[in-house]
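All residue numbers for the sequence shown refer to UniProt numbering, where the first residue is 1 and numbers rise by one. Ideal Cβ placement from N, Cα and C applies to all residues, glycine included. As the structure is a prediction and not an experimental result, all values here were calculated from the model.
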Amino acid sequence: MTEGDRINRMEDQLIDMRLAVSALLETVTQHQRNFETIQRNFQTMQGNFDTVVAEIRDIRIEMQDMRTDMLQMQSEIRGLQTENSRILDILQNRNTEGES
1 MTEGDRINRM EDQLIDMRLA VSALLETVTQ HQRNFETIQR NFQTMQGNFD
51 TVVAEIRDIR IEMQDMRTDM LQMQSEIRGL QTENSRILDI LQNRNTEGES
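Below you can see the structure in the form of structure tokens.
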């Protein structure tokens, strides 16, 4: 092997190494872009998740308020039923007394 062949081979190896390093740098750059995209998507998802959690919390509060209202209405309805029953008892006793 002549000195010129050795130099040519070394130059070829140097070119191959530069190409490999260039390819690695491009790969690193692409991975960095992908990482940044993933990070932005994660931040967006986190924001959406926080919004959903807040909405669920609001719905839960509204449901508790509705339950309180329903319990109050049930109590009022029971009171009205009791009052209606008492009125019917009074009317039926009057009818029974009037028939005698």
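In the three-state DSSP reduction, Thr2 falls in the coil class, being neither helix nor strand. Spanning the alpha carbons of Leu24 and Thr37 requires a straight line of approximately 20 Å. Taken atom to atom, the span from the alpha-carbon of Ala54 to that of Glu62 is near 12 Å.
The beta carbon of Met10 sits closer than 6 Å to none of the beta carbons in its chain outside the five residues before and after it.
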